[in-house]
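Following the numbering used here, the numbering of the sequence shown begins with 49 at its first residue and continues without gaps. A short write-up of the structure that comes next.
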Amino acid sequence: MKYSSLVDVYEKIESTSKRLEKTHHISELLKKTNEEDIHTIVLLLRGRLYPDWDKRKIGVANKLVLKAINTASGAGAGKIEQLWKEIGDLGLVAEKVIKRKIQATLFSKDLTVAKVFANLRKLNEMEGAGSVDRKIQLIAELLSSAKPKEAKYIVRNVLEDLRVGIGEGTMRDALVWAYMSVKVDYNAEKTSIDVDREKYNDAVDIVQSALDKSNDFTTVALAAKKGASELKKVSITPGNPIKVMLAQKVADMDEGFEKVGTPADIEFKYDGFRMQIHKSKGKIKIFTRRLEEVTSQFPEVVDSVKKNVKGDNFILDCEAVGYDAKKEKYLAFQHISQRIRRKYNIQELAKKMPIELNVFDILFYKGESLLNKPLKVRIKLLEKIVSEKKLSIVVAKRAITSKKEEAIKFYEESVKKGNEGVMLKNLDSAYKPGSRVGFMVKLKTAMNTLDFVIVGAEWGEGKRSGWLTSFTLACINDDGNFLETGKVGTGIKEKAEEGLSFGELTETLKPHIKQEKGKEVTIKPEIVLEIQFDEIQKSPTYSSGYALRFPRVVQLRDDRAPEECSDLNMVKEAFEKQKKR
Ligand code: ATP
49 MKYSSLVDVY EKIESTSKRL EKTHHISELL KKTNEEDIHT IVLLLRGRLY PDWDKRKIGV
109 ANKLVLKAIN TASGAGAGKI EQLWKEIGDL GLVAEKVIKR KIQATLFSKD LTVAKVFANL
169 RKLNEMEGAG SVDRKIQLIA ELLSSAKPKE AKYIVRNVLE DLRVGIGEGT MRDALVWAYM
229 SVKVDYNAEK TSIDVDREKY NDAVDIVQSA LDKSNDFTTV ALAAKKGASE LKKVSITPGN
289 PIKVMLAQKV ADMDEGFEKV GTPADIEFKY DGFRMQIHKS KGKIKIFTRR LEEVTSQFPE
349 VVDSVKKNVK GDNFILDCEA VGYDAKKEKY LAFQHISQRI RRKYNIQELA KKMPIELNVF
409 DILFYKGESL LNKPLKVRIK LLEKIVSEKK LSIVVAKRAI TSKKEEAIKF YEESVKKGNE
469 GVMLKNLDSA YKPGSRVGFM VKLKTAMNTL DFVIVGAEWG EGKRSGWLTS FTLACINDDG
529 NFLETGKVGT GIKEKAEEGL SFGELTETLK PHIKQEKGKE VTIKPEIVLE IQFDEIQKSP
589 TYSSGYALRF PRVVQLRDDR APEECSDLNM VKEAFEKQKK R
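Here is the structure:
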């Protein structure tokens, strides 16, 4: 397929904010795509090179792209840099510069998606001496053959910043429209669809379920093209991370019992970080809830699971908690979050900040998926195969009860031990990857918080110069666009020993800086903060339409992907709730 066909769709999607219109354009492209290009098209549509579970990045800096534009166009480096300063988007700069060049030479060759994809992948794989020059050549080669609009998106593909919002939901629906046997009549004038709702919802569920298990749009697209029965065969495999199941929130024990039924399984809600642990062919792999592999950061967990869990292949769902052995108390998440990011002196840090693994679910065992087995069966199996070793690996502490007093006593015991509250679970329920379900709920000690992504900041002055301060926060909407909700500067410390500091946050954000204008910095949405606030107000100032009153930073949520931050509906819900208070 020609790269220009993909570029046409990028352009159409960029020009509309309507989700159904985007879905229509993507599905039309998918219908035209032959089998050998599906893999590439599905990835490039979302600006990716690898499936969602594979976190490899191209990691090319702006400067290198500037050089490539310079090489391909012959335009002076100073001039290109000046244009970049004026326009602020390297994609648009490339478009403009290439347009001038083409007017001068009237020459260009047709680019294919396969060629563009091949060069992008090479960019990622290239390392060592001379690799910078070779990378410039790879980008320049594409730009030299590109038409102006193609140049714009080549640069955006290279920088992995597509700037067109194709959220997971839109892509999933496009697969349904293109490949499932349900007729979707799209009315372009009214931007509406006519469809048999029941059939349509079933088709969406089948595609979503395959996605949640495989985390791989390419596998799902190829299966969907073959039909629903092929999609139903997509399953979980030890070694490939799957999306975790999430919990809804309840206000009190009564609501908890009402939601999950009785007798309920009540468990400590540990305040650590989620670990999905896979064993396959004798090898252990550990993934965070962002599905990033962190195996090498936790050698003691690998050892403990090898020694204390029976079986050759399995997938466990766990919460890893820092533990203060002296005080017999669990430590809050922020104390141990640094272990996730640590790349050196790992053994030393493991000794200083030991981790207790609390296993609370099992999703796969001995070659068989357990997703559809009732929780009580999964718990029984866990208790059979895990040999508990206090402060190393234990099965999550639980009580099974229908009595409210007993449940409240258990909740109080949990909080006294330093936990966040309790989880209540329906004993007959299945495991639904990627869903926030009502049959597993959380009851927590109260705090008004939401998770927001940082999209901007300001360079500080005086004693704060050299640090980023005043961070612009954003939530996400259904289309995967980030909408601003306000700024925060409170809660971050000046001294590193006191907690999350300006210095640490600045270093974390630096690689994601997109653009600087004076003191103002635009940041690629990558880093998530948990924010406490007094109130949410309606506000014309910010693109979400809401603003936070008295926000303060609680902690860095580096276990969260940007797409997992609070969505606009959660902000609206919090706003409506406070009106009722
Ligand atoms: P929160 O900020 O409340 O942790 P969240 O959105 O990060 O919420 P939720 O799924 O809503 O995540 O809350 C459940 C989280 O609690 C799980 O992701 C898991 O990391 C953690 N957890 C701790 N103990 C348990 C347990 N016994 N069973 C299930 N999850 C547990």
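Quick reminder that beta carbons are idealized off the backbone N, C-alpha and C, glycines included.
| request: Decide if S31 is buried, meaning its Cβ has at least 16 other Cβ atoms within 10 Å, or exposed. | output: Residue 31 lies beyond the residue range present for the chain, which begins at 49 and ends at 629; the question has no answer from this structure.
| query | Exposed or buried, which one is E367 when buried takes at least 16 other CB atoms within 10 Å? | reply | buried
| task | Give the single residue among I334, G320 and D319 whose Cα lies nearest to the Cα of H326. | result | I334
| query | Residues in its own chain within less than 7 Å of Y413 by CB, not counting five upstream and five downstream? | reply | G359, F362 and L429
| field | Selection from R512, E509, F500 and W515 that minimises the alpha carbon distance to V601 | value | F500
| query | Relative to the ligand SAM, is the shortest distance from any of its heavy atoms to the C-beta of F408 smaller than 6 Å? | reply | Annotation note on the ligand SAM: not contained in the displayed structure, which lists the ligand ATP as its ligands.
| query | So is M323 buried or exposed if we call it buried at 16+ other beta carbons inside 10 Å? | reply | buried
| said: Count Cβ pairs between the stretch 607 to 626 and the stretch 550 to 557 that sit closer than 8 Å; are there 3 or more? | reply: no
| Is the closest heavy atom of the ligand ATP to the C-beta of E315 under 6 Å? | yes
| query | According to DSSP, which residues form a beta bridge with L223? | reply | The partner list for L223 (beta bridge, DSSP) is empty, contrary to what the question assumes.
| query | In the structure shown, what three-state DSSP assignment does I410 receive? | reply | strand
| request: Specify, as a first and last residue, the run of the beta strand (DSSP E) that A295 falls within. | output: L294 to K297
| said: Rounding to the nearest angstrom, what Cα-Cα distance links L419 and K280 in this structure? | reply: 13 Å
| request: Compute every distance between the C-beta of A368 and the non-hydrogen atoms of the ligand ATP, then say whether any falls below 6 Å. | output: no
| said: So the candidates are D476, N393 and S592; which of them puts its Cα closest to the Cα of Q345? | reply: N393
| query | For W132, does the three-state DSSP call read helix, strand or coil? | reply | helix
| field | Residues near K163 by beta carbon distance below 6 Å, same chain, minus five either side | value | none
| query | Taking 6 Å as the line, does the beta carbon of A380 fall inside it for any heavy atom of the ligand ATP? | reply | no
| field | Beta-carbon proximity list for G547, same chain, < 6 Å, skipping 5 on both sides | value | K541
| request: Below 8 Å on the Cβ atoms is my guess for S75 versus W225; work out the distance and round it to an integer in Å. | output: 4 Å
| CB of M618 to nearest heavy atom of the ligand ATP: below 6 Å? | no
| Since L491 is in the alpha helix (DSSP H), which residue starts that stretch and which ends it? | Premise fails: L491 lies in the beta strand (DSSP E), R484 to K492, not in any alpha helix (DSSP H).
| said: In the DSSP assignment, the beta strand (DSSP E) including D242 goes from what residue to what residue? | reply: S240 to D242
| task | Could you tell me if the beta carbon of M401 falls within a distance shorter than 6 Å of some heavy atom in the ligand ATP? | result | no
| task | Look at the alpha carbon of I427 and the alpha carbon of F408, and state the distance between them as a whole number of angstroms. | result | 8 Å
| task | Sort K565, P573 and A522 by Cα distance to W507 and report the nearest one. | result | K565
| Beta carbon of M471: closer than 6 Å to some heavy atom of the ligand ATP? | yes
| message | Buried or exposed, going by whether 16 or more other CB atoms sit within 10 Å of the CB of K261? | response | buried
| request: Enumerate in chain order the residues of its own chain whose CB-to-CB distance from V282 is below 7 Å, with the five nearest sequence positions on each side excluded. | output: A258, K261, S262, T267, V268 and A271
| If we ignore side chains and look at the alpha-carbon of each, how far apart do C613 and E237 end up? | 34 Å
| request: Any chance you could list the alpha helix (DSSP H) runs of at least 4 consecutive residues sitting entirely within the stretch 136 to 183, in chain order? | output: 138 to 153 and 161 to 173
| request: State yes or no: is the C-beta of Q12 within less than 7 Å of the C-beta of R484? | output: In the structure as shown, the chain begins at 49 and stops at 629. Residue 12 is therefore absent and cannot be evaluated.
| query | Mind checking whether the beta-carbon of A295 lies closer than 6 Å to any heavy atom of the ligand ATP? | reply | yes
| field | Buried or exposed by the 16-neighbour rule on C-beta atoms within 10 Å, applied to A166 | value | exposed
| From this set, K66, E568, R608 and C523, which residue's C-alpha is nearest L616's C-alpha? | C523
| query | How long is the line joining the alpha carbons of A299 and L491, rounded to whole angstroms? | reply | 6 Å
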